[in-house]
Amino acid sequence: MSLRTKFILVFLAISIIPLLLATGAGYYHITKINQFACTKTEQSLRDSAETLVEQKAEDIMKMIQLYLQTQIARQTKRKLNWDELQYDPVLLQNGIQTVGRTGYSFLLMKEAGKITYFLHPNPKLVGTELTSMAKKNPDFWRIVQGPKSGERFSRGYYFWKEPDGRIERKFMVVMPIPNTPLMVVTTIYTKEVEAPLKQLKVTLVSTQKRFLWQFFLGGIITIALVIFLAIVFAMRMAKPILHLTDVANRISLGELNVPIEITSTDEIGDLADALRRMQASLRKAIQRLQRRTTL
205 MSLRTKFILV FLAISIIPLL LATGAGYYHI TKINQFACTK TEQSLRDSAE TLVEQKAEDI
265 MKMIQLYLQT QIARQTKRKL NWDELQYDPV LLQNGIQTVG RTGYSFLLMK EAGKITYFLH
325 PNPKLVGTEL TSMAKKNPDF WRIVQGPKSG ERFSRGYYFW KEPDGRIERK FMVVMPIPNT
385 PLMVVTTIYT KEVEAPLKQL KVTLVSTQKR FLWQFFLGGI ITIALVIFLA IVFAMRMAKP
445 ILHLTDVANR ISLGELNVPI EITSTDEIGD LADALRRMQA SLRKAIQRLQ RRTTL
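Heads up: the sequence shown begins at 205 in our numbering, then just goes up one per residue.
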């Protein structure tokens, strides 16, 4: 293997190994940062959505409670007729509202151990009992039973089968209206919360790929530059060595006046000086031999 090839291989090893290590470390750290950012963002989005749904339930509960108190104050001789209130426009307006972009609110009635839809965006569900949900959808049933003793509301995630057969994950809050059998329910689709997260993941993955491509391109440019510098350096190193090798060969053939055209002050220059001294010594030795033979 020639000296030039050795120089190129050494330069490549010196440049490629750190480059590979840096690329691996960069990829590892940027992946970890992406995972951390997604996790924190997801948690923040979920917390914000849950707070929104809880606050909406409380606002609706207070409005309906105030309205029912007004209705009770007007009833001097008879109790409230819940069947009539199902068609009350004010109660409908307050009880059925949008939550976020995809969510909504409705009212449940919990009476005599039974839970039924009191008001709902889908009128066909009004009056439907939910007991069957205990087996069909345990998570949903656990939440709609309302809060336990000492709690203001119940909440949680559950899966819901849509009319078209799709299974969607939802978050729900159930908040009883004090001194009434009614409970305010607010629910929202988790896909509404996850949509910004998906966009963030796409952005982070795109950024990661762009970073790796830039790093890869920079690595190629670096390797090409290293190869160029290695060739130039190898040629600068090999040229004087080849010249001195040629000089040594010619001296060995008797050409004692071969010029040594190296004037550097490094180790190559020291080698050239040694050859000059050897060349001068050989000339003197031959001159002494020639004088002896003539005598």
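For glycine and all other residues, C-beta sits at the position ideal for the given N, C-alpha and C.
So, using beta-carbon positions, are Leu323 and Leu284 closer together than 8 Å?
Cβ distance not < 8 Å, so Leu323 and Leu284 don't count as in contact.
I believe Lys389 touches Ile381 by the beta-carbon criterion, under 8 Å. Please report the beta-carbon distance rounded to the nearest angstrom.
Reading the sequence as shown, one finds Val at residue 389 and not Lys. Not really, about 11 Å apart at Cβ, beyond 8 Å.
Helix or strand or just coil, what does DSSP make of Lys339?
Of the three classes helix, strand and coil, the one that applies to Lys339 here is helix, per DSSP.
Just reading off the alpha helix (DSSP H) that Phe437 is part of, what are its end residues?
Note, Phe437: alpha helix (DSSP H), Thr394 to Ser456.
For Leu312, count neighbouring Cβ atoms within 10 angstroms of its own Cβ and tell me buried if that reaches 16, exposed if not.
Flag for Leu312 reads buried.
In chain order, what residues of the same chain lie with their CB nearer than 6 Å to the CB of Pro385, ignoring the 5 residues before and after it?
Met313, Lys314 and Glu315.
Let me know if Gln483 comes out buried or exposed under the rule of 16 or more other beta-carbons within 10 Å of its beta-carbon.
The residue in question, Gln483, is buried, as its Cβ has 16 or more Cβ neighbours within 10 Å.
Using 8 Å as the Cβ pair cut-off and three pairs as the minimum, do the region 414-424 and the region 390-401 touch?
In short, these stretches do not touch, since the Cβ pair count stays below three.
List in chain order: all unbroken beta strand (DSSP E) runs of 3+ residues lying wholly within the region 297-330.
Segments of the beta strand (DSSP E) lying fully in the region 297-330: 307-315 and 318-323.
For Arg454, collect the residues of the same chain with a Cβ closer than 7 Å to its Cβ; drop the 5 residues on either side in sequence, then sort them by chain order.
Excluding residues within five positions, the ones whose Cβ falls inside 7 Å are Val462.
Under DSSP, the beta strand (DSSP E) around Ile371 begins and ends at which residues?
Ile371 -> beta strand (DSSP E) spans Ile371 to Pro380.
What are the residues that DSSP puts in a beta bridge with Val388?
DSSP, once it has assigned bridges, lists Leu311 and Met379 as partnering Val388.
What number of angstroms, rounded off, separates the C-alpha of Glu355 from the C-alpha of Met379?
Each residue's Cα considered, the two are about 9 Å apart.
Is it buried or exposed, Ile424, if we count other Cβ atoms within 10 angstroms and call 16 or more buried?
Under this definition Ile424 is an exposed residue.
For Tyr291, does the three-state DSSP call read helix, strand or coil?
Correct three-state label for Tyr291: coil.
Going by the CB atoms, is the gap between Leu448 and Leu479 shorter than 8 Å?
Yes, Cβ-Cβ distance for Leu479 and Leu448 is below 8 Å.
Please report the distance separating the alpha-carbon of Gln301 from that of Lys260.
Their backbone Cα atoms lie some 9 Å apart in a straight line.
Please identify the residue among Arg481, Gly473, Val397 and Ala452 whose C-alpha is closest to the C-alpha of Thr245.
It is Val397.
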